[in-house]
Each structure stands twice: as structure tokens, then as C-alpha cells.
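Only one structure is covered here, and it is reproduced in the block below.
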Amino acid sequence: MTVAMNRQAMAARDPRELVSPEVWGLLVEDLRRYHHVTRDYAERMMGQALVFLKAQAQIVQARREGRPWQRIVPTSPVDPAWHAFILRSQAYGEFCQQHAGEYIHHVPYQDEAMLNGAALETTIPQLAATGYRVDVEFWHGERSPCCPPECNNMGGN
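Heads up, the sequence shown is in this note's numbering, so the first residue is 1424 and it goes up one at a time.
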């Protein structure tokens, strides 16, 4: 599967195309500033968050068409980039509306499928189906949940 994904990654589209250059720059700088990572790593993080969100948007659209719901999950390195995008609420809302037709909520929780890696077995093919580059370093070998256990107790439902 890795060889097939590597070939696909070379032909896949650049995820930064999913947002304007201005929004891309703001998001990458936010990651650099708050997560103390290099520009290259911040760009890769955000790219994978955008691929994840594009996959989630396709799932939302499929659900509206009556197809079964597919649950996908971000990994620990991707989740902070999703959080950074949510904090740019206007840009995030516009992205969601454009790609999903509705807001994509972040509802953190943990279950056995997340803890044992089974959730990624569903996620990775959905990422590849977007046609955007999947950076396998951010998805393979990463079996930790996206949010710490206390994330579920931060208020709300």
C-alpha cells in the first residue's frame, strides 16, 4: 500500500490549492508561532489538515446523497493544524461552506478504534480519494488519538 500511495502522492494535487495564498500564509505562520515548528513542517501539517478536511467534506456530501457515513480521524500531528484553522473562524467557515456545504464540527472523543489504529484504516483511503497529496509520514505509524483524554471534558457536549 505504501508504494501505491507514494506513486499517487507524486501525481496528486497540492493541498494548499484548497485555500487562498493569503489564508495559507496566515495558517502556516500560526502553526510556526504557536507550535514552534519549522516552516516546512508547518506547511506539511497544514497541508494534511486540509486533505483531511477535504475528505471530511466529501463524506458530508455523500451523507446528504444518502450514502453511508464514514468516520475518519486526524492524527496527533494533524489535529493541531485543524485547531489552528478553526481559530481563523471566517476562513474556516468559508472553507467548510465551499467544500462541504455546511460547517465541519470538531467533536473530540476517543474510542477503541482510535486507540488501536483501526480508525486510520478507514481514514487513509478517504484521504487518497480526495486527489490531494497524502504525506504518509503524518498518517502511518501514528496510532495515538488526536486529542488527550481531558479534551472531552473541556465543556460543551
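We put the CB at the ideal spot given by N, CA and C, even for glycine.
Just so you know, these numbers come straight off a predicted model, no measurement behind them.
Would residue i be called buried (16 or more neighbouring beta carbons within 10 Å of its own) or exposed?
i, result
"Val1474", "buried"
"Gly1489", "exposed"
"Pro1497", "buried"
"Thr1545", "exposed"
"Tyr1515", "buried"
"His1417", "A question about residue 1417 goes unanswered here, because the residues of the chain that appear run from 1424 up to 1580."
Could you tell me the boundaries of the alpha helix (DSSP H) in which residue i lies?
i, result
"Asp1453", "Pro1444 to His1458"
"Thr1546", "Ala1541 to Ala1551"
"Gln1493", "Counting along the chain, Gln1493 falls outside any alpha helix (DSSP H), and DSSP gives it neither H nor E."
"His1529", "No alpha helix (DSSP H) contains His1529, which DSSP labels as neither H nor E."
"Asp1463", "Arg1462 to Arg1487"
Under 8 Å Cβ to Cβ from residue i, same chain only, skipping five residues before and after it: list those, please.
i, result
"Lys1477", "Pro1438, Leu1441, His1522, Thr1553 and Tyr1555"
"Gln1520", "Tyr1526"
"Val1483", "Ala1523, Gly1524, Glu1525 and Ile1527"
"Arg1462", "Val1451 and Arg1455"
"Pro1500", "Met1468, Gln1471, Phe1561 and Glu1565"
"Leu1510", "Asp1453"
"Gln1493", "Ile1482, Ala1485, Thr1545 and Gln1549"
"Val1460", "Leu1454 and Met1468"
"Ile1495", "Phe1475, Ala1478, Gln1479, Ile1482, Ala1542, Thr1545, Thr1546, Gln1549 and Leu1550"
By Cβ distance, which residues of its chain are closer than 6 Å to residue i, with the 5 residues on each side in sequence left out?
i, result
"Ala1465", "Val1451, Leu1454 and Arg1455"
"Ala1480", "His1522 and Ala1523"
"Asp1558", "Arg1467 and Gln1471"
"Val1530", "none"
"Trp1447", "Arg1439"
"Arg1436", "Gly1554 and Tyr1555"
"Tyr1457", "none"
Beta-carbon within less than 7 Å of residue i's beta-carbon, same chain only, minus the 5 sequence neighbours each way: which residues are those?
i, result
"Ser1443", "none"
"Pro1491", "none"
Identify whether residue i lies in helix, strand or coil by the three-state DSSP scheme.
i, result
"His1563", "coil"
"Arg1556", "coil"
"Arg1436", "strand"
"Pro1500", "coil"
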